[in-house]
Amino acid sequence: MKIIVCLKQVPDAKNVRLDPKTNTMSRDGVKSIMNPYDQHALEEGVRLAAEYGGRVTALSMGPPQAMEMLRDAIACGADEAVLISDRAFAGADTLATTYTLAQAVKTLGGADLIICGKQAIDGDTAQVGPGLAQRLDLAHASCIRKLKDFKDGTVSAQRMMDDGYDELAITLPALLTVVKEINEPRIPSLKGKMKAKKAEIKILSASDIGAAPEFLGLAGSPTKVDKVFAPAARGKQTMLEGTVAEQVNQLADKLEAIL
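Counted the way this note's numbering counts, the sequence shown spans residues 860 to 1118.
In structure tokens, the structure reads:
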């Protein structure tokens, strides 16, 4: 089974700040990490390959520094890693991103299963996984919390819902996005780190994947970000003191006064 796991390098959300003068995200001194949801996607891909047989390719679109993240992916069990990197990709929204990823997947010969994290913590759109499935004309399901029973070209899956979960039977090839409840990502072993250090990461440019310039980067992005800003603080903060029962009574009194 051929598995492709899509990964994104994102700024560590704990340290992200907004520049008050430019109203843009300040990345100075902010460490870049593998998107947390993608860590679970990678772990699931590695687990499935080990259980059912297969090969895992970690795929990312980003600048050259994303190679460090891809080495981490190899250290965690991916068999190989591919970076799609070109200045032409800069400024891509989710539409341009899915086009670029789809071209790369086609260049790699497709896959039986593509796994993505539910969403990225920097954009939070949750659009790339479904958009990529649409581009590749693949069966798709989001928010998967469990995968099992790969047989006869299908896989059984549990899709998380607000009030429980759905049981699905999905025909391969398919693209799935996963939630953090699906597994616990492993810590890379010393052997894995040594393998990652020696691994050769393949780099694909826009021309390598046969991408049309008008669909890339800013040119292929109908979504434009006008401004990013931190919302102004609203209201006053009140600290309740006393026992739990006393605090509950105080809160009830305040709510009653408002209503």
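Even glycine gets a Cβ: it sits at the ideal position worked out from N, Cα and C.
Would you mind stating whether residue i and residue j have Cβ atoms separated by less than 9 Å?
| i | j | result |
| --- | --- | --- |
| E939 | R914 | yes |
| A992 | A1033 | yes |
| L1035 | A1058 | no |
| D1008 | V869 | no |
| L1027 | A1071 | no |
| A979 | N894 | yes |
| R1004 | I1046 | no |
| K965 | I1068 | yes |
| M928 | L866 | yes |
| R1018 | D1011 | no |
| E902 | L1006 | no |
Could you compute how far the alpha carbon of residue i sits from the alpha carbon of residue j?
| i | j | result |
| --- | --- | --- |
| R994 | A961 | 6 Å |
| S1066 | A1091 | 45 Å |
| I1062 | V864 | 16 Å |
| C1002 | Q1109 | 40 Å |
| V1038 | A909 | 20 Å |
| S944 | G950 | 13 Å |
| R1093 | L1049 | 49 Å |
| P1081 | S919 | 22 Å |
| L1114 | D1021 | 28 Å |
| E1023 | A998 | Here residue 1023 turns out to be Gly, not Glu, going by the sequence shown. So the two alpha carbons sit approximately 22 Å from each other. |
| T1102 | A1116 | 21 Å |
| G921 | F948 | 8 Å |
| K873 | D996 | 36 Å |
Going by beta carbon distance, what residues of the same chain come within less than 7 Å of residue i, once the five residues before and after it are set aside?
| i | result |
| --- | --- |
| E1073 | G1079 |
| Q898 | P1044 |
| P923 | S944 |
Return helix, strand or coil for residue i, following the three-state DSSP convention.
| i | result |
| --- | --- |
| L954 | helix |
| A1028 | strand |
| V1038 | coil |
| A949 | coil |
| T1082 | coil |
| F1088 | coil |
| D897 | helix |
| T916 | strand |
| P1047 | coil |
| P923 | helix |
| V1103 | helix |
| I1060 | coil |
| V941 | strand |
| A1116 | helix |
| V987 | helix |
| A979 | coil |
Could you name the residues of the same chain whose beta carbon sits closer than 8 Å to that of residue i, not counting the 5 residues immediately before and after it, in chain order?
| i | result |
| --- | --- |
| K1123 | Only positions 860 to 1118 of the chain appear in this structure, which leaves residue 1123 out of reach. |
| T1013 | A1028, I1029, T1030 and L1031 |
| Y958 | R994, A1070, F1074, L1075 and G1079 |
| T916 | K861, I862, I863, V864, A937, D938, E939, A940, V941, L967 and A970 |
| D871 | V889, K890, S891 and I892 |
| G912 | M860 |
Tell me, please, whether the CB atom of residue i is closer than 9 Å to any CB atom in chain B?
| i | result |
| --- | --- |
| L960 | You won't find chain B in this structure, because it holds only one protein chain. |
Identify, in the order they occur along the chain, each residue of the same chain with its Cβ nearer than 6 Å to the Cβ of residue i, setting aside the five sequence neighbours on each side.
| i | result |
| --- | --- |
| S1064 | D945 |
Can we count residue i as close to the ligand COA, meaning its CB is less than 8 Å from some heavy atom?
| i | result |
| --- | --- |
| Q962 | Questions concerning the ligand COA fall outside what the structure shown contains, since it holds no ligand whatsoever. |
* Asked: Is the stretch 973-980 touching the stretch 1095-1105, taking contact as three or more C-beta pairs under 8 Å?
  -> Because the criterion of three Cβ pairs below 8 Å is not met, the stretch 973-980 and the stretch 1095-1105 do not touch.
* **Cβ pair count under 8 Å reaching 3, the stretch 1045-1058 against the stretch 926-936** => The way I'd put it, the stretch 1045-1058 does touch the stretch 926-936; three or more beta-carbon pairs between them come closer than 8 Å.
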